[in-house]
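Trainee:
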Amino acid sequence: MLSALDRKLFRDLWAVRGQVIAISCVLAGGIATYVMAASTLASLLETQSRMYREFRFPELFAGLKQAPLSVAARIAAVPGIAGVEARVVAPANIELADYGQPISGQVVGLPRGEGRFNLLHLHAGRLPEPTRDREAVVSDGFAKAHKLQPGFPLAVTINGRKQNLMVVGVASSPEFTYQLAPGSIVPDFKTYCILWMNAAPLEGSFNMTGAFNQVAASLERGARVEDAVQAVDTLLKPYGGLGAHGRKDQISHRFLAEEFKQLGILATMIPTVFLSVAGFLLNVVVGRLMATQRGQIATLKAFGYTTGAIVWHFLKFTAVIVTVGTLLGIAGGAWMGAGISRMYMDVYRFPYLDYRIAGSIVAVAFGVSLAAAGVGTLFSVLKAAGESPAVAMQPANPGRYRRSWLELPWFSQPSRMIVRNLQRRPVKSLLSIGGVAMATSMLIVGGFWGDAVDYMVFAQLRRAQLDDLTVTFFAPVSVRALHSVRSLPGVNHVEPLRNVSARFRFAHRTYRTALQGMEPEGELRRLLNTKLQRVELPPDGILLTDHLATMLGVKAGDQLTVELLEGSRAIRQVAVAGVVTEYIGVTAYMRRDSLNRFLREGDVVTGAYLAVDPPAMAELYNRLKRIPAVAGVAARAQALRSFYDTLAAQMLTFAFFNTLLASTIAIGVVYNTVRISLSERGRELASLRVLGYTRGEVSYILLGELTVLVFVAIPLGLVMGRGMAYFMAMSAQTELFRVPFVVEPSTYALAALVVALATAGSAFLVGRKINHLDLVEVLKARE
Amino acid sequence: MTKFYDMGEVRVHALRGVDLELYSGEMMVLLGPSGSGKSTLLNILGGLDRASGGSVLYRGFDITAANDRELTQYRRRHVGFVFQFYNLIPSLTALENVAAVTEIAENPMKPAEALELVGLTDRMHHFPSQLSGGQQQRVAIARAIAKRPSVLLCDEPTGALDSETGIVVLEAIDKVNRELGAATAVITHNADIAGMADRVVHMSNGGVSHVDLNEHRRSPKELHW
Numbered sequence: 012m013l014s015a016l017d018r019k020l021f022r023d024l025w026a027v028r029g030q031v032i033a034i035s036c037v038l039a040g041g042i043a044t045y046v047m048a049a050s051t052l053a054s055l056l057e058t059q060s061r062m063y064r065e066f067r068f069p070e071l072f073a074g075l076k077q078a079p080l081s082v083a084a085r086i087a088a089v090p091g092i093a094g095v096e097a098r099v100v101a102p103a104n105i106e107l108a109d110y111g112q113p114i115s116g117q118v119v120g121l122p123r124g125e126g127r128f129n130l131l132h133l134h135a136g137r138l139p140e141p142t143r144d145r146e147a148v149v150s151d152g153f154a155k156a157h158k159l160q161p162g163f164p165l166a167v168t169i170n171g172r173k174q175n176l177m178v179v180g181v182a183s184s185p186e187f188t189y190q191l192a193p194g195s196i197v198p199d200f201k202t203y204c205i206l207w208m209n210a211a212p213l214e215g216s217f218n219m220t221g222a223f224n225q226v227a228a229s230l231e232r233g234a235r236v237e238d239a240v241q242a243v244d245t246l247l248k249p250y251g252g253l254g255a256h257g258r259k260d261q262i263s264h265r266f267l268a269e270e271f272k273q274l275g276i277l278a279t280m281i282p283t284v285f286l287s288v289a290g291f292l293l294n295v296v297v298g299r300l301m302a303t304q305r306g307q308i309a310t311l312k313a314f315g316y317t318t319g320a321i322v323w324h325f326l327k328f329t330a331v332i333v334t335v336g337t338l339l340g341i342a343g344g345a346w347m348g349a350g351i352s353r354m355y356m357d358v359y360r361f362p363y364l365d366y367r368i369a370g371s372i373v374a375v376a377f378g379v380s381l382a383a384a385g386v387g388t389l390f391s392v393l394k395a396a397g398e399s400p401a402v403a404m405q406p407a408n409p410g411r412y413r414r415s416w417l418e419l420p421w422f423s424q425p426s427r428m429i430v431r432n433l434q435r436r437p438v439k440s441l442l443s444i445g446g447v448a449m450a451t452s453m454l455i456v457g458g459f460w461g462d463a464v465d466y467m468v469f470a471q472l473r474r475a476q477l478d479d480l481t482v483t484f485f486a487p488v489s490v491r492a493l494h495s496v497r498s499l500p501g502v503n504h505v506e507p508l509r510n511v512s513a514r515f516r517f518a519h520r521t522y523r524t525a526l527q528g529m530e531p532e533g534e535l536r537r538l539l540n541t542k543l544q545r546v547e548l549p550p551d552g553i554l555l556t557d558h559l560a561t562m563l564g565v566k567a568g569d570q571l572t573v574e575l576l577e578g579s580r581a582i583r584q585v586a587v588a589g590v591v592t593e594y595i596g597v598t599a600y601m602r603r604d605s606l607n608r609f610l611r612e613g614d615v616v617t618g619a620y621l622a623v624d625p626p627a628m629a630e631l632y633n634r635l636k637r638i639p640a641v642a643g644v645a646a647r648a649q650a651l652r653s654f655y656d657t658l659a660a661q662m663l664t665f666a667f668f669n670t671l672l673a674s675t676i677a678i679g680v681v682y683n684t685v686r687i688s689l690s691e692r693g694r695e696l697a698s699l700r701v702l703g704y705t706r707g708e709v710s711y712i713l714l715g716e717l718t719v720l721v722f723v724a725i726p727l728g729l730v731m732g733r734g735m736a737y738f739m740a741m742s743a744q745t746e747l748f749r750v751p752f753v754v755e756p757s758t759y760a761l762a763a764l765v766v767a768l769a770t771a772g773s774a775f776l777v778g779r780k781i782n783h784l785d786l787v788e789v790l791k792a793r794e
Numbered sequence: 684m685t686k687f688y689d690m691g692e693v694r695v696h697a698l699r700g701v702d703l704e705l706y707s708g709e710m711m712v713l714l715g716p717s718g719s720g721k722s723t724l725l726n727i728l729g730g731l732d733r734a735s736g737g738s739v740l741y742r743g744f745d746i747t748a749a750n751d752r753e754l755t756q757y758r759r760r761h762v763g764f765v766f767q768f769y770n771l772i773p774s775l776t777a778l779e780n781v782a783a784v785t786e787i788a789e790n791p792m793k794p795a796e797a798l799e800l801v802g803l804t805d806r807m808h809h810f811p812s813q814l815s816g817g818q819q820q821r822v823a824i825a826r827a828i829a830k831r832p833s834v835l836l837c838d839e840p841t842g843a844l845d846s847e848t849g850i851v852v853l854e855a856i857d858k859v860n861r862e863l864g865a866a867t868a869v870i871t872h873n874a875d876i877a878g879m880a881d882r883v884v885h886m887s888n889g890g891v892s893h894v895d896l897n898e899h900r901r902s903p904k905e906l907h908w
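Line order of the protein sequences matches chains W and S. Numbering follows this note's numbering, with no gaps: position 714 of the first sequence is 725. Numbering follows this note's numbering, with no gaps: position 197 of the second sequence is 880.
1) Alpha carbon to alpha carbon, what distance is there between residue 775(W) and residue 794(W)?
2) Between residue 784(S) and chain W, is there a C-beta pair that is closer than 8 Å?
3) What are the uninterrupted segments assigned as alpha helix (DSSP H) that are 4 or more residues long and contained completely in the stretch 184 to 235 of chain W, given in chain order?
4) Tell me the residue span of the beta strand (DSSP E) that contains residue 106(W).
5) Got a sec: is the Cβ-Cβ distance from residue 705(W) to anything in chain S below 8 Å?
6) Around the C-beta of residue 772(W), are 16 or more other C-beta atoms found within 10 angstroms, so that it is buried, or is it exposed?
7) With a threshold of 8 Å, are at least 3 pairs of Cβ atoms found where one atom belongs to the stretch 659 to 675 of chain W and the other to the stretch 415 to 426 of chain W?
8) Smallest Cα separation from residue 707(S): which of 865(S), 830(S), 773(S)?
9) Report the rounded CA-to-CA distance for residue 603(W) versus residue 509(W), giving the unit in angstroms.
10) Using 10 angstroms around the beta-carbon of residue 744(S), count the other beta-carbons present and answer buried if the total reaches 16, otherwise exposed.
11) Output, in sequence order along the chain, the residues in the stretch 779 to 809 of chain S whose CB is closer than 7 Å to any CB in chain W.
12) For the alpha helix (DSSP H) containing residue 719(S), list its first residue and its last residue.
13) Can you tell me which of the three DSSP states residue 707(S) falls into?
14) Which value, in whole angstroms, describes the spacing of the CA atoms of residue 750(S) and residue 714(S)?
15) Using DSSP's beta-bridge definition, name the partner residues of residue 882(S).
16) From residue 465(W) to residue 239(W), what does the alpha carbon distance come to, in whole angstroms?
17) At the level of alpha carbons, what is the spacing between residue 810(W) and residue 694(W)?
18) Beta-carbon of residue 688(W) versus every beta-carbon of chain S: anything under 8 Å?
19) Do we get a CB-CB distance below 8 Å when we pair residue 731(S) with the residues of chain W?
20) Sorted by chain position, which residues of the same chain lie with C-beta nearer than 7 Å to residue 700(W)'s C-beta, five sequence neighbours on each side aside?
21) Would you verify that the beta carbon of residue 793(W) is, or is not, closer than 8 Å to some beta carbon of chain S?
22) Keeping to the same chain, check which residues put their C-beta closer than 6 Å to that of residue 148(W); ignore five residues upstream and five downstream.
23) Give the straight-line distance between the Cα atoms of residue 767(S) and residue 384(W), rounded to the nearest whole angstrom.
24) I'd like to know whether the C-beta atoms of residue 816(S) and residue 843(S) end up nearer to each other than 8 Å.
25) Determine which residues of the stretch 835 to 860 of chain S have a Cβ less than 7 Å from any Cβ of chain W, and write them out in chain order.
26) Let me check understanding here. Comparing Cα to Cα, which of 609(W), 587(W), 573(W), 563(W) lies closest to residue 579(W)?
27) In the DSSP assignment, the alpha helix (DSSP H) including residue 310(W) goes from what residue to what residue?
28) Counting contacts by CB-CB distance shorter than 8 Å, is residue 695(W) in contact with chain S?
29) Residue 786(W) CB to nearest chain S CB: under 8 Å?
30) Distance, Cα to Cα, residue 281(W) vs residue 291(W)?
31) Could you work out which residues of chain W lie near residue 913(S), taking near to mean beta carbons separated by less than 9 Å?
32) In terms of DSSP beta bridges, what is residue 516(W) paired with?
33) Kindly indicate the opening and closing residues of the beta strand (DSSP E) around residue 150(W).
34) Taking 8 Å as the cut-off, does the stretch 81 to 91 of chain W touch the stretch 60 to 70 of chain W (at least 3 CB pairs, one atom from each stretch)?
35) Looking at the C-beta of residue 687(S), does it have a partner C-beta in chain W at a distance below 8 Å?
36) Are the Cβ atoms of residue 515(W) and residue 606(W) separated by less than 8 Å?
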């Protein structure tokens, strides 16, 4: 049985349902952002760690030219190493019937007997029978992109020898969660594939019987990765070791880590801002809503209700609003979070996704909203309950007003009312301005990501990378080999490049990445400064991506220790000549001739940039991919598309949801501001109506005030938004990519427009209420 | 003229058939207990509410048939209101409260002039919060009469005041009635106030029970309660 007071509660809520909805929206917007981001991140991290555990992702990795299997046993004996698995991995070109373009990939040898690491998760079919040489399992991203199923034939060229294989299974593996072709930064499932086949036939095709070229290991509890890496490096050096490394340098793991770091920043900062804004607004709005209940509170006190009972009653009132808003927010956040997680699943080939919303996330959501609303309620109700009932039931004394320094002599009385009202309660006016400004700033933050991505793409693909195709070879080849490339039809210009992986050391900091040798006068690939102007390669010395220089703590003029991880494996001090601005990846650059001297090699290249006649592009692409020495061919347009398809799509989806939620908050704030003003001043406005003011004239007073507030709030919000965007850009710097701080005028305009529209919409709704002011009531009613 | 309200399933008859004329320059007091229908009558006369049956004519203009815009114009041009709780705009000074009405009226008096009529020249620049209840009510009267209304409607103008202050307020109403010649209706349930009227309309149970004519109006100074 509901008490009379509880029944009053529901009727009161129903009476202010417009505001309940608006407040719930503000709150739901904040909560949804938080739930979306936090649950996505937590689910991805949880999925990753569960997958690493279940499918035994190793802790140490090493690549080498070739070593007999006995060397693997010596690695197993290294102190700290718990288990070892050696295998052969071979580059391959793949042809699919019905798919014109050549496909590159890696063929991985499956262990004989039970595998120790990187267990396969079969999505369909089975593993190859131990005795069958022509069976293969394909990676699930590739299978999905080509709709491959067990039973499909594949033509695979390994080491120049073409063989026909049969797909028997589709699988994913923790080491290829983020599946990258050499030289690319986003997965392309159409043209890059991982294949698994039995070890024996692969070793046979690759001339590696009884040998291996990759080794993985797990560590004993407490063993240091660095020690194991050093020991393995020493052991493998005679066998052409390419440098052992821990998980943090494993390609797939590193990209995942970087992306999760980026997501983590998005997932903490944006919701923190949103949730604090929503909490703040909730506090303000609930406080003002309660202040309009002054008469009721006095009446209840006159009936003999204690202050405690009244506070409890109104706390229930806000609790209902908070619960509605929070539940809406959690539901919305879960829906968006699940959607975003699925989108991530398309890029990250997890075997499964553990999407769930942790209890802690729900607890934080409720905690923040209840605290914010509770405090707002408590203060206003205690203030109202503090008055003696007799005083509170009297008409409120006319508020104390003063002339304003803002008013001008020719102001009409309604204009004076607007100005004096604003000035009389500066805190309230400032809170309203603050609320609208924050909503505006959140719209800027939402739009900023789009601007940043556009600028990033523009800088990288229209200013820095002007090549049409980038060719990568499996191994260094003589520069003369490029003559044959140059003579292919459609090729206008070729610029050689030499890529080598290297470890950079400065003071105690080290970093492992690619060192690229380029032509000094190259036209197809330009190194740029922050203003996107060209930086010349010095004859000696090295240029670093700005982020790499920051990570290493070096500046121009410093001597950097460069350790080559291939070929000569030379270690040398190189002068840092300067930094270059790059938004994607981190790389070091030298002139190719200096790099080749450093490597003690002749005039060799590992790839080339090509300028191509557009009509000849498709044909040339196919011809290049058919050359056995070619490991990969990347097209600029394709890079642009892949980029948009993956990273940008993720960020932009996130940004889109944020914009949506920011708009919700903007609408909620503006509507509440003006709606509460109406409650507070309804009597005054109705009196003016009685005195002969038209609806329009009365609306002017209320909406004029709102307009002034919004006019001050919008520019303020634009400035605040710019500041927040800057802060986010600075926090979102990762090795994978940096977010340039760019806010386009259109973003400011859009934010201002959304707030202006929210204002117009609220004005329209409240204007309708003004039309229905009860004129008779005002003659008798007190506030 | 009749007025009923449909309150859910119950129909409440507020006015059961009132036939009344209000003359230019006349001072009429509407006397009656709570619920007798006097406020409803005043609201209808002032164009705030519509009659359910019959008609209300203002100089031949049927305000029962008027739309909202016409009613607003009627109130704006011809009607002065004085409320029980003054309903001054707290953000405007006494002078500005009056100006708020003169700015939208045709041929109004100067706001200062209206305040002089109610004896508040020296408090013109005070805000409502700086005025006593009686002073606030006199500002409200000045505001009501500054447009030179033909109809002045006062709903319990002394209801929230002590008798001494109430008399000062009634004096102001009396004075503007005499000097401006507005048809004035004052609602009260205080029978002592009836002495200042030309005509006293007694209301009960939604109708006029009887009408008294005073041979000569007493000055409010002579009243006491």
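Beta carbons: idealized from backbone N, C-alpha and C, even for Gly.
Mentor: For this structure:
1) In this prediction, residue 794(W) scores a pLDDT of 40, lower than 50, which makes its location untrustworthy; no coordinate-derived value is stated.
2) Residue 784(S) counts as touching chain W.
3) If we require 4 residues or more, the alpha helix (DSSP H) runs fully inside the stretch 184 to 235 of chain W come out as 210 to 216.
4) Note, residue 106(W): beta strand (DSSP E), 100 to 107.
5) It does: the Cβ of residue 705(W) has a partner Cβ on chain S nearer than 8 Å.
6) With fewer than 16 Cβ atoms within 10 Å of its Cβ, residue 772(W) is classed as exposed.
7) No: the two stretches stay apart, fewer than three of their Cβ pairs being nearer than 8 Å.
8) Restricting attention to 865(S), 830(S), 773(S), the CA atom closest to the CA of residue 707(S) is found in 865(S).
9) So the two alpha carbons sit approximately 6 Å from each other.
10) With a 10 Å radius around the Cβ and a threshold of 16 neighbouring Cβ atoms, residue 744(S) comes out exposed.
11) Residues passing the 7 Å Cβ filter: 779, 782, 783, 784, 786, 787.
12) That residue, residue 719(S), is in no alpha helix (DSSP H); it is neither H nor E in DSSP.
13) Three-state result, residue 707(S): coil.
14) In a straight line, the C-alpha of residue 750(S) is about 30 Å away from that of residue 714(S).
15) Per DSSP, the beta bridge partners of residue 882(S) are 711(S), 896(S).
16) Put simply, the backbone Cα of residue 465(W) is about 43 Å away from that of residue 239(W).
17) Look at the range of chain W in this structure, 12 to 794, and you will see that residue 810(W) is not part of it.
18) Interface criterion not met: the Cβ of residue 688(W) is under 8 Å from no Cβ in chain S.
19) Answer yes: the Cβ-Cβ gap between residue 731(S) and chain W drops below 8 Å somewhere.
20) Only residues of its own chain outside the window of five on either side were considered, and among them 709, 784, 786 have a CB closer than 7 Å to the CB of residue 700(W), listed in chain order.
21) For residue 793(W), the predicted model reports a pLDDT of 48, less than 50, meaning its position is unreliable; a value from the coordinates is still stated below. It does: the Cβ of residue 793(W) has a partner Cβ on chain S nearer than 8 Å.
22) Short of 6 Å from the beta carbon of residue 148(W), and not among the five residues preceding or following it, lie these beta carbons of its own chain, in chain order: 180, 182, 207.
23) Taking the straight line from one Cα to the other gives about 37 Å.
24) Yes, the Cβ-Cβ distance between residue 816(S) and residue 843(S) is below 8 Å.
25) Contacts with chain W (Cβ-Cβ distance below 7 Å) from the stretch 835 to 860 of chain S involve 838, listed in chain order.
26) Comparing Cα-Cα distances from residue 579(W) to each of 609(W), 587(W), 573(W), 563(W), the minimum goes to 609(W).
27) Boundaries of the alpha helix (DSSP H) around residue 310(W): 305 to 314.
28) At least one C-beta of chain S is nearer than 8 Å to the C-beta of residue 695(W).
29) Yes, its Cβ sits closer than 8 Å to a Cβ of chain S.
30) So the two alpha carbons sit approximately 15 Å from each other.
31) As displayed, chain S neither begins before 684 nor continues past 908, which places residue 913(S) out of reach and without an answer.
32) According to DSSP, residue 516(W) bridges with 521(W), 572(W).
33) Segment 146 to 150, the beta strand (DSSP E) holding residue 150(W).
34) With a cut-off of 8 Å, the stretch 81 to 91 of chain W and the stretch 60 to 70 of chain W do not count as touching, because too few Cβ pairs lie within range.
35) For residue 687(S), not one C-beta of chain W is nearer than 8 Å to its own C-beta.
36) Contact flag unset, no.
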